[in-house]
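Novice: Going by this note's numbering, the letters in the sequence shown line up with residues 368 to 529, in that order. Even for Gly, the Cβ is constructed at its ideal location relative to N, Cα and C. Since the model is a prediction, treat every value here as computed from it, not as a measurement. Got a structure for you, written out below as structure tokens; questions coming shortly.
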Amino acid sequence: MESITKQLVKIGHGMSKEIAADEPAVAKLLTELASALDVQYERGNAQEAKCAALAAENAHMQQVIGDVQTLYYESDGIVGYHLNGDIAKWDDVMPDLWAETPSTDAFLAEVRAQGVEMLAAEYESKIEPYKTHDEFMNAHYLKMQAIEARNFAAQIRKGVQS
């Protein structure tokens, strides 16, 4: 089933063609609006997919935490975990319970990087008053701090992708 958004995009492009001869400026605007709506719709779908991946990872982690808490409160370890009847200590068991969480890691890295970029923007917002000749070094210092912050934000993002 086609979404209402996709229908609106088609209608917008169709109406644009119909009025193009009489109202070219309006037709162009309608085409641009329909295209922008389509782009935003696709971005929304991509964000929804990211949220679904985060939700799945976090649901798994919550289950693991709940299971481990229950076992932890009831025992000193897990009997027969290594299939030999011995009690496996928690230090032996925990590595097998934790799962990789790439979507969560990427999301958190992006949040951290955005925070650093906010710091860079704050530095940049303070440069203008220092652009006089007497205080040029203050402006230069703030600009260098902003550049360093943006480089660090990029490193945060890259660290997750490595």
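1) Classify Lys498 as helix, strand or coil using the three-state DSSP reduction.
2) Any chance the region 433-441 sits against the region 411-424, with 3 or more Cβ pairs inside 8 Å?
3) Rounded to the nearest angstrom, what separates Pro469 and Thr398 at their Cα positions?
4) So what does Lys510 bridge to, in DSSP terms?
5) Using 8 Å for Cβ pairs, my map puts Tyr490 next to Gln512. What's the rounded Cβ distance?
6) Compute the beta-carbon to beta-carbon distance between Ala488 and Arg524, rounded to the nearest angstrom, for a pair I have assumed lies under 8 Å.
7) Return the chain-ordered list of same chain residues with a C-beta closer than 7 Å to the C-beta of Thr499, the five sequence neighbours on each side being excluded.
8) Specify, as a first and last residue, the run of the alpha helix (DSSP H) that Glu484 falls within.
9) Could you say which of Ala516, Ile514, Gln429, Glu495 lies nearest to Ala506 if we only look at CA atoms?
10) Count the other CB atoms within 10 Å of the CB of Ala516; is the residue buried (16 or more) or exposed (fewer)?
Specialist: Let me lay it out:
1) In this structure, DSSP gives Lys498 a state outside helix and strand, which the three-state scheme calls coil.
2) Segments in contact, no.
3) Near 38 Å, if we compare the C-alpha coordinates of Thr398 and Pro469.
4) Looking at the DSSP assignment, Lys510 forms no beta bridge with any residue, so it has no partner.
5) Contact between Tyr490 and Gln512 holds: their C-beta atoms lie close to 5 Å from each other, under 8 Å.
6) About 16 Å separates the Cβ atoms of Ala488 and Arg524, ruling out a contact at the 8 Å cut-off.
7) Around Thr499: no qualifying Cβ.
8) In this chain, the alpha helix (DSSP H) harbouring Glu484 covers 469-492.
9) The shortest Cα separation from Ala506 among Ala516, Ile514, Gln429, Glu495 belongs to Glu495.
10) Result: buried.
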